[in-house]
Amino acid sequence: MKLYRTTRGAVVENDDRFFLISTADWDTLLNRDDLTQFLTEKISGLEPAFPELSGDELLAPIGKQEVWAAGVTYYRSRSARIEESKDAGGGSFYDRVYQADRPELFFKATPHRVVGHGADVRIRRDSMWNVPEPELTLVITAAGKIVGYTIGNDMSSRDIEGENPLYLPQAKTYDRSCALGPGILVTDVPLPPTTEIRLDILRQGETVFSGATALKEMKRTLPELVEFLYRESSFPDGCFLMTGTGVIPPDSFTLRSADEVRITIEPVGTLVNKVE
Ligand code: DO4
Ligand code: MG
-16 MKLYRTTRGA VVENDDRFFL ISTADWDTLL NRDDLTQFLT EKISGLEPAF PELSGDELLA
44 PIGKQEVWAA GVTYYRSRSA RIEESKDAGG GSFYDRVYQA DRPELFFKAT PHRVVGHGAD
104 VRIRRDSMWN VPEPELTLVI TAAGKIVGYT IGNDMSSRDI EGENPLYLPQ AKTYDRSCAL
164 GPGILVTDVP LPPTTEIRLD ILRQGETVFS GATALKEMKR TLPELVEFLY RESSFPDGCF
224 LMTGTGVIPP DSFTLRSADE VRITIEPVGT LVNKVE
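Just so it is clear: in the sequence shown, position 26 is 9 by the numbering used here, and no numbers are missing.
Put into structure tokens, the structure is as follows:
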């Protein structure tokens, strides 16, 4: 079952049928530990409201939640980061965090820096080397329960983070640096390890990069990431946690204005954003 935040209100998609549900606000909904059961009961006996949902109606599936991100959770991310920071003396930090018990967790975005499906993401004007990062993103309640999954794009300025790891917040957090959507796959069943996370980048309609990874390539488990994030922080409205990238274009690649970024995670959907 999928849940969308739309211009019409909260919409549930079940078996290719779309239901408009009357509910309290989005934040209260996302914070329900019983979200799957609640939505199942909500739509039972309801007539589908419309045959399909157009992309123009979709809003980013976020209310008041903070967006956090895990880093260096895939070997590919570890290697790319070691390479990009070697001239700056990046040393062994990325390998050490890849191996360590404690994961890298960083603050990614406040809701106003997040865009939804179809909206433009941005690259920083003071950066020359930028990539999208396709990431499975967890929807977690205040109690720390994973109630759903969405798709995230962790836009990153590689020259800024490569110059000095202390610049990470500037490389990662700026206006429209984060895309989430198109909706939320609501389920209590963990995703299979074979779940594919795919990135395609198009320039004037031509594919200029394609790559994919699978959830089983991740070094960490999803509950482990949530446990560390919630150790000494409370999230009264729940939060979104991006789980790191396993797909990074070659070092010769940088995004350009008007590029289209498509991220597909099959049970969730495809998140499409243009670069402003
Ligand atoms: O350590 C820098 C950022 C890592 C990251 O965003 C990722 O691995 O996805
Ligand atoms: Mg990332």
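Note that CB positions come from ideal geometry on N, CA and C, so glycine has one too. Source: prediction; values computed, not measured.
The beta carbon of Pro94 lies closer than 6 Å to those of Ile45 in the same chain, with the five residues before and after it left out.
Taking 6 Å as the cut-off, the C-beta of Glu49 does not count as close to any heavy atom of the ligand MG. Close CB contacts of Val55 within its chain, under the 6 Å cut and outside five residues either way in sequence, are with Arg61, Tyr77, Val80, Tyr81, Glu87 (chain order). Assignment of beta-bridge partners to Thr124 by DSSP yields no partner. Here the alpha carbon of Asn(-3) sits roughly 24 Å from the alpha carbon of Arg181. Straight-line spacing of the CA atoms in Ile184 and Ile167 works out to 23 Å.
Per DSSP, reduced to three states, the secondary structure at Phe218 is coil, with no helix or strand assignment. The secondary-structure analysis by DSSP pairs Thr190 across a beta bridge with Leu185.
Annotation: Leu149 to Leu174 spans about 34 Å, alpha carbon to alpha carbon.
Tyr(-13) and Tyr132 have their alpha carbons spaced roughly 12 Å apart. In the structure shown, Gly46 falls within a coil segment according to DSSP collapsed to helix, strand and coil.
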